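Protein sequences appear in the order of chains A and B.
Here the first sequence stands for residues 1 to 111, where the numbers follow full-length UniProt numbering.
Here the second sequence stands for residues 1 to 111, where the numbers follow full-length UniProt numbering.
2 protein chains.
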Amino acid sequence: MGVTRSDLFTQEQNEFATLAKAFAHPARVAILQYLLASNKCINGDLVSELGLAQATISQHLKELKNAGLIQGNIEGVSMSYCINPEKWESVQKLFNGMFDKIQACEPGDCC
Amino acid sequence: MGVTRSDLFTQEQNEFATLAKAFAHPARVAILQYLLASNKCINGDLVSELGLAQATISQHLKELKNAGLIQGNIEGVSMSYCINPEKWESVQKLFNGMFDKIQACEPGDCC
DNA sequence: AACAAATATCGTAATAATGCGATAAAACGA
DNA sequence: TCGTTTTATCGCATTATTACGATATTTGTT
């Protein structure tokens, strides 16, 4: 008990939930917004930008990387992170595939 | 330690993260897809549809309701849940506001 | 009123997520 | 090589999430 029953759901449902989980923390949202605003970015900026400890930010960056939303390159002594454009576009399509499924309500059918 | 530092982030970032958290479980994704597919819906359908216990589904429905994504009406002895269309639309706009922020990469700027 | 059906809530156990200090690892310059 | 800077990982404490049986609540029926 206490463990998510991924086996009960479709691959798409699990994938959607996993991506949503990557968005489900304000620090990660802030990181993504920062990367979106400045195409070029190094991790050090984030430590001074957000009020969290370096270890915490590194952990959030790892999760975003695991989700495929960002990618990192070694830039000399520091690290350069940016959005993964292909993944970003596919995620937008996945989410809009969900959002667009809503249909007009017939009066009486809806609550 | 161990508690999310919501005070460090903007209201928009916290709101975005909270909504994403509502999507961040395959059972809730499945529930939303079911509600999107059938405009009319009662809770009992979901218990037989998904493989989870009644108490668990009721809990997920509560979270979706708290997030404002769905709304429930008493329908005789049972309960009728459906998507909240206004909220749904505003969430789509919020997410696309994020997704659309990506800009074309100048070669050399990106990693 | 008594019963049945459908949901919600409670209590509890297990797992996941969050935050951060300490430390390791990697890359550059003197 | 040694020291500096930057990032990643480890270990731990704390809080949040998930699941479900048991029970309470609500509504309609007889």
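Even glycine gets a Cβ: it sits at the ideal position worked out from N, Cα and C.
No experiment lies behind these values; they were computed from the predicted model shown.
To which residues of the same chain is residue i closer than 8 Å at the C-beta, ignoring the five residues directly before and after it?
i, result
"B:Ile57", "Ala27, Ile31, Asn43, Leu46, Val47, Leu50"
"A:Ser78", "Ile42, Asn43, Gly44"
"B:Ile102", "none"
"B:Thr18", "Ala67"
"B:Trp88", "Leu69"
"B:Asp7", "none"
Closest to residue i by C-alpha separation, out of the options, would be which residue?
i, options, result
"A:Phe16", "A:Cys82, A:Met98, A:Ala104", "A:Met98"
"B:Ala37", "B:Ala104, B:Asp100, B:Asn96, B:Tyr81", "B:Tyr81"
"A:Phe34", "B:Glu75, B:Lys65, B:Gln71, B:Phe9", "One detail in the question is off: residue 34 of chain A reads as Tyr in this sequence, not Phe. Out of B:Glu75, B:Lys65, B:Gln71, B:Phe9, B:Phe9 has the C-alpha closest to the C-alpha of A:Tyr34."
"B:Asn84", "B:Ile74, B:Glu75, B:Asp100, B:Leu64", "B:Leu64"
"A:Asn14", "B:His60, B:Gln71, B:Val29, B:Lys62", "B:Val29"
Give every residue of the same chain whose Cβ lies closer than 7 Å to the Cβ of residue i, excluding the five residues on either side of it in the sequence, and list them in chain order.
i, result
"A:Glu86", "none"
"A:Ala75", "Residue identity differs from the one stated: residue 75 of chain A is Glu in this sequence, not Ala. Only Ile42 meet the Cβ criterion."
Considering only residues of the UniProt domain "HTH arsR-type" (8 to 106) of chain A, which uninterrupted alpha helix (DSSP H) runs meet the minimum length of 4 residues and lie entirely inside it, listed in chain order?
-> Complete alpha helix (DSSP H) runs here, min 4: 11 to 23, 26 to 37, 43 to 49, 54 to 66, 85 to 99.
Please determine if the stretch 47 to 64 of chain B and the stretch 85 to 105 of chain B are in contact, where contact requires at least 3 C-beta pairs separated by less than 8 Å.
-> Between the stretch 47 to 64 of chain B and the stretch 85 to 105 of chain B there are fewer than three C-beta pairs closer than 8 Å, too few to call the two in contact.
Is the stretch 40 to 49 of chain B close to the stretch 21 to 38 of chain A, with three or more CB pairs under 8 Å?
-> No, they do not touch.
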